[in-house]
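Colleague: Residue numbers (our numbering): 23 to 456.
Just so it is clear, CB atoms sit at the ideal spot from N, CA and C, and this is done for glycine as well.
Below is a structure I'd like to ask you about.
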Amino acid sequence: MTNLQTIGVMSYVCDRYEMFINGGVAAHSNVDDSDDESESQTTQQDVRKRNLVRENIRYKSIVSNADKYWVKTNKRTFPADRMTLAYVTPWNSGGYEAAELFSGKFTHVSPVWHQIALKDKVISLQGTHDVDKKWIARVKANGKTKIVPRFILEGFNPNTLNSAFREANSLIKSIIQFITDYNYDGMVLEGVIPYFDIDRNIRNHFVEKLYKEMKSINKQLILVSPVCLRFRLYKDILSLILTLLCLLFTKPLGTKLVHVEDLIVLGGNCDGISMMTYDYDPNRGQLAPLEMFQYAVQSLEQTGKFTMSKLMLGLPFYGYTGVFGKEASPILGRQYIELLKSHKPKKISWDTSTHEHTFTYKNNQGNEQWVNFPSLLFLEERIQLAKQSGCSLAIWEIGQVEHLLCYFGCDRVGFFANKPITYFRFSLDGESEW
Numbered sequence: 023m024t025n026l027q028t029i030g031v032m033s034y035v036c037d038r039y040e041m042f043i044n045g046g047v048a049a050h051s052n053v054d055d056s057d058d059e060s061e062s063q064t065t066q067q068d069v070r071k072r073n074l075v076r077e078n079i080r081y082k083s084i085v086s087n088a089d090k091y092w093v094k095t096n097k098r099t100f101p102a103d104r105m106t107l108a109y110v111t112p113w114n115s116g117g118y119e120a121a122e123l124f125s126g127k128f129t130h131v132s133p134v135w136h137q138i139a140l141k142d143k144v145i146s147l148q149g150t151h152d153v154d155k156k157w158i159a160r161v162k163a164n165g166k167t168k169i170v171p172r173f174i175l176e177g178f179n180p181n182t183l184n185s186a187f188r189e190a191n192s193l194i195k196s197i198i199q200f201i202t203d204y205n206y207d208g209m210v211l212e213g214v215i216p217y218f219d220i221d222r223n224i225r226n227h228f229v230e231k232l233y234k235e236m237k238s239i240n241k242q243l244i245l246v247s248p249v250c251l252r253f254r255l256y257k258d259i260l261s262l263i264l265t266l267l268c269l270l271f272t273k274p275l276g277t278k279l280v281h282v283e284d285l286i287v288l289g290g291n292c293d294g295i296s297m298m299t300y301d302y303d304p305n306r307g308q309l310a311p312l313e314m315f316q317y318a319v320q321s322l323e324q325t326g327k328f329t330m331s332k333l334m335l336g337l338p339f340y341g342y343t344g345v346f347g348k349e350a351s352p353i354l355g356r357q358y359i360e361l362l363k364s365h366k367p368k369k370i371s372w373d374t375s376t377h378e379h380t381f382t383y384k385n386n387q388g389n390e391q392w393v394n395f396p397s398l399l400f401l402e403e404r405i406q407l408a409k410q411s412g413c414s415l416a417i418w419e420i421g422q423v424e425h426l427l428c429y430f431g432c433d434r435v436g437f438f439a440n441k442p443i444t445y446f447r448f449s450l451d452g453e454s455e456w
């Protein structure tokens, strides 16, 4: 199934959405899905015409189609007024080549390069060792795709982050200088909606001022956000009771949260909000339930105060495997293919509550091991939701799925090991050093 390599998801993300024949959905057909045995990597038909977007799928079909992609690598049919953002990471470097090959399908590409790091009361912009100007030029050669690297706030706590936001002028000046020097088209900023309480008024003022400065030099600002509600799926009364007990005696359990009111305010001072609609509850085998996407959309849509095209629903290009009751581990596309080849599952089940495909096998300890990885139907339903609700898309991240053209990835999700190089630094007391 081509969701395991870049076209299987990427080409499909912006692929052509045709009306379903006879009012039915190919994904629910009983006809066998295509087992394309040809050696060519490219195909003349998209995944829909090859009947790969379906509920009833077989492992052989996934394996035989995993390294194939539609020949029209730059054909974009996702609505022109919506954004499609693709993250690229140094630790899954196949994404760099994928971004070049499919650049026409993305309005924005965000290499995960930079940190706004606090250490010993000094804030510094880091990550210049990852910058590849020649790659940037190749991705932008189509004249349409924007490069908006991700900057993440690191090393802060509530007090120091509030202090940094109060010193808005110094931090914003440094960011603007950095983006100008590297000729980026803007930035993706992660950490302004942290997983701890901060002074929202100070934060909102900082974002407002940063956005104003970015607009003044024709640059774009995209913010990263957790899911905007407390949402959980309860398959049975026991899980509900356990969750309530956890809420009483431990830290809040459930999806990463942000107030809807936050997003309404911040949405007016940015070009987009990249929402992390994934990692819902991996230890229970739930990656990104469709209902979570629906709630995220509805919670903003019903206010009537949010521009829905700014909401970039996050699509995960990775999966998880684990034993129920124990911590799950992330897996990439190549690992998923190897698991399919090794265990040859007779059935890949469609979970009607989460709308995700999963299979199980007996591991070496004799325990039942589950494997959850995004399928084309998984993507189909979430992309259709984005289209119908007027939302945009953000993909985390395109180096995690593989075909032979862009396979240089690591075995697991990790962190780039090179020592950070500091571009500038300044103290919370206002002293700067370039």
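Take Val246 as the anchor and find which of Asn394, Asp293 and Thr380 has the nearest alpha-carbon.
Modeller: Numbered from 1 along the sequence shown, position 224 holds the residue referred to as residue 246. Among Asn394, Asp293 and Thr380, the Cα nearest to that of Val246 belongs to Asp293.
Colleague: In this structure, how does DSSP classify Ala108 when only helix, strand and coil are distinguished?
Modeller: Start at 1 with the first residue of the sequence shown, and residue 108 comes out as number 86. In the three-state reduction of the DSSP assignment, Ala108 falls in the strand class, which pools E and B.
Colleague: Just the Cα atoms here: how many angstroms apart are Lys127 and Tyr109?
Modeller: Locating residue 127 in the sequence shown gives position 105, where the first residue counts as 1. Locating residue 109 in the sequence shown gives position 87, where the first residue counts as 1. The C-alpha of Lys127 lies about 13 angstroms from the C-alpha of Tyr109.
Colleague: Considering Cα atoms alone, identify which of Phe339, Gly347 and Lys363 is closest to Leu354.
Modeller: Translated into positions along the sequence shown, residue 354 becomes position 332. Of the candidates Phe339, Gly347 and Lys363, the residue whose Cα lies closest to the Cα of Leu354 is Phe339.
Colleague: Would you tell me roughly how many angstroms separate the C-alpha atoms of Asn291 and Asn78, rounded to the nearest one?
Modeller: The count along the sequence shown starts at 1 and reaches residue 291 at position 269. The count along the sequence shown starts at 1 and reaches residue 78 at position 56. Approximately 44 angstroms, taken between the alpha carbons.
Colleague: Nearest to Gln316 by alpha carbon, out of Ala350, Arg404 and Lys368?
Modeller: Translated into the one-based positions of the sequence shown, residue 316 becomes position 294. Per the Cα distances, Arg404.
Colleague: Please state whether DSSP places Met236 in a helix, a strand or coil.
Modeller: Taking the first residue of the sequence shown as 1, we reach residue 236 at position 214. Helix at Met236.
Colleague: Would you call Asp154 buried or exposed, if buried means 16 or more other Cβ atoms sit within 10 Å of its Cβ?
Modeller: Against the sequence shown, residue 154 aligns to sequence position 132. Asp154 is exposed by the Cβ-count criterion.
Colleague: Comparing C-alpha positions only, which one of Leu243, Leu107 and Val345 sits nearest to Asn389?
Modeller: As a position in the sequence shown, residue 389 is number 367, starting the count at 1. Per the Cα distances, Val345.
Colleague: Pairs of beta-carbons, one from the stretch 407-415 and one from the stretch 359-375, closer than 8 angstroms: are there three or more?
Modeller: no
Colleague: Measuring CB atoms only, is the stretch 381-388 touching the stretch 67-76, in the sense that at least three cross pairs come out at less than 8 angstroms?
Modeller: no
Colleague: Could you round the C-beta distance between Val170 and Asp203 to whole angstroms and report it? I think they count as a contact, below 8 angstroms.
Modeller: Start at 1 with the first residue of the sequence shown, and residue 170 comes out as number 148. Start at 1 with the first residue of the sequence shown, and residue 203 comes out as number 181. 15 angstroms between Cβ atoms; not a contact.
Colleague: Report yes if the CB atom of Phe173 is closer than 7 angstroms to the CB atom of His136, and no otherwise.
Modeller: Walking along the sequence shown from the start, residue 173 turns up at place 151. Walking along the sequence shown from the start, residue 136 turns up at place 114. Cβ atoms of Phe173 and His136: closer than 7 angstroms.
Colleague: Distance, Cα to Cα, Asn394 vs Arg356?
Modeller: Taking the sequence shown and counting its residues from 1, the one referred to as residue 394 is at position 372. Taking the sequence shown and counting its residues from 1, the one referred to as residue 356 is at position 334. Approximately 14 angstroms between the Cα atoms of the pair.
Colleague: Name the residue from Ser185, Gln320, Thr299 and Ser83 whose alpha carbon lies nearest to the alpha carbon of Ala310.
Modeller: As a working note, residue 310 is residue 288 in the sequence shown. Comparing Cα positions, the closest option is Thr299.
Colleague: Considering only DSSP beta bridges, list what Gly344 is partnered with.
Modeller: Here residue 344 refers to the residue found at position 322 when the sequence shown is read from its first residue. Answer by DSSP bridge pairing, in chain order: Trp392.
Colleague: Considering only C-alpha positions, which residue in the set Ser83, Phe218, Ala318 and Val131 is nearest to Lys166?
Modeller: Position 144 of the sequence shown, counting from 1, holds the residue named residue 166. Among Ser83, Phe218, Ala318 and Val131, the Cα nearest to that of Lys166 is on Val131.
Colleague: In whole angstroms, give me the CA-to-CA distance for Tyr342 and Val93.
Modeller: Here residue 342 corresponds to residue number 320 of the sequence shown, with the count starting at 1. Here residue 93 corresponds to residue number 71 of the sequence shown, with the count starting at 1. Cα to Cα, the separation comes out at about 30 angstroms.
Colleague: Could you say which of Phe187, Arg225 and Thr376 lies nearest to Leu140 if we only look at CA atoms?
Modeller: In the sequence shown, counting from the first residue as 1, residue 140 sits at position 118. Residue Phe187 is the option with its Cα nearest to Leu140.
Colleague: Taking the alpha-carbon of Arg306 as reference, which of Ile138, Leu175, Asp373 and Asn114 has the nearest alpha-carbon?
Modeller: For the purposes of this step, residue 306 is identified with residue 284 of the sequence shown, where counting begins at 1. Cα-wise, what sits closest to Arg306 is Asp373.
Colleague: Among Gln63, Ser86 and Thr129, which has the Cα closest to the Cα of Ala102?
Modeller: To locate residue 102, count along the sequence shown from 1; it is residue 80. Checked all of Gln63, Ser86 and Thr129; the closest Cα to Ala102 is Thr129.
Colleague: I'd like the span of the beta strand (DSSP E) that includes Lys141, first residue to last.
Modeller: The residue labelled residue 141 in the question sits at position 119 within the sequence shown. Run containing Lys141: His130 to Lys141, per the beta strand (DSSP E) assignment.
Colleague: Enumerated in chain order, which unbroken segments of the beta strand (DSSP E) with a length of 3 residues or greater are wholly contained in the stretch 343-381?
Modeller: 351-353 and 371-373
Colleague: For Ile197, collect the residues of the same chain with a Cβ closer than 6 angstroms to its Cβ; drop the 5 residues on either side in sequence, then sort them by chain order.
Modeller: Taking the first residue of the sequence shown as 1, we reach residue 197 at position 175. Around Ile197: no qualifying Cβ.
Colleague: Are the CB atoms of Val144 and Asn226 within a distance shorter than 7 angstroms?
Modeller: Here residue 226 refers to the residue found at position 204 of the sequence shown. Here residue 144 refers to the residue found at position 122 of the sequence shown. Their beta carbons are not under 7 angstroms apart, which means Asn226 does not touch Val144 by this criterion.
Colleague: With a threshold of 6 angstroms on Cβ separation, who are the neighbours of Val35 within its own chain once the five nearest residues in sequence on each side are excluded?
Modeller: In the sequence shown, residue 35 corresponds to position 13, counting from 1. With a pLDDT of only 46 at Val35, under 50, the local geometry of the prediction cannot be trusted, and the value read off the model is given with reservation. So no residue of the chain qualifies.
Colleague: How far does the beta strand (DSSP E) with Phe173 in it reach, from first residue to last?
Modeller: Start at 1 with the first residue of the sequence shown, and residue 173 comes out as number 151. Element bounds for Phe173: Arg172 to Glu176.
Colleague: With respect to the beta strand (DSSP E) encompassing Glu212, which residues constitute its N-terminal and C-terminal limits?
Modeller: Translated into positions along the sequence shown, residue 212 becomes position 190. Segment Gly208 to Glu212, the beta strand (DSSP E) holding Glu212.
Colleague: In the structure shown, what three-state DSSP assignment does Gln242 receive?
Modeller: As a first step, residue 242 must be located in the sequence shown, where it is residue number 220. Looking at Gln242 - three-state DSSP - the assignment turns out to be strand.
Colleague: May I have the straight-line CA-CA distance separating Glu235 from Asn205, to the nearest angstrom?
Modeller: Mapped onto the sequence shown, residue 235 falls at position 213. Mapped onto the sequence shown, residue 205 falls at position 183. Approximately 15 angstroms between the Cα atoms of the pair.
Colleague: Drop a sphere of 10 angstroms on the beta-carbon of Phe100, count the other beta-carbons inside from all chains shown, and report buried for 16 or more, exposed for fewer.
Modeller: Here residue 100 is taken as the residue at index 78 of the sequence shown, counted from 1. Buried: at least 16 other Cβ atoms inside 10 Å.
Colleague: For Leu399 and Leu337, I'd like the C-alpha separation in whole angstroms.
Modeller: Sequence index remark: in the sequence shown, residue 399 carries index 377 (1-based). Sequence index remark: in the sequence shown, residue 337 carries index 315 (1-based). Between Leu399 and Leu337, the C-alpha separation is close to 13 angstroms.
Colleague: By how many angstroms is the C-alpha of Gly116 removed from the C-alpha of Trp418?
Modeller: As a first step, residue 418 must be located in the sequence shown, where it is residue number 396. As a first step, residue 116 must be located in the sequence shown, where it is residue number 94. Roughly 13 angstroms between the two C-alpha positions.
Colleague: Around the Cβ of His377, are there at least 16 other Cβ atoms within 10 angstroms (buried) or fewer (exposed)?
Modeller: Along the sequence shown, read from residue 1 onward, the residue named residue 377 stands at position 355. By the beta-carbon neighbour count (other beta carbons within 10 angstroms, threshold 16), His377 is buried.
Colleague: Whole angstroms are fine: how far does the CA of Val214 sit from the CA of Leu147?
Modeller: Taking the sequence shown and counting its residues from 1, the one referred to as residue 147 is at position 125. Taking the sequence shown and counting its residues from 1, the one referred to as residue 214 is at position 192. Distance from the CA of Leu147 to the CA of Val214, rounded to the nearest whole angstrom, comes to 15 angstroms.
Colleague: Express the C-alpha separation of Asn87 and Gln458 in angstroms, rounding to a whole number.
Modeller: The displayed coordinates of the chain run from 23 to 456. Any statement about residue 458 would go beyond what the structure contains.
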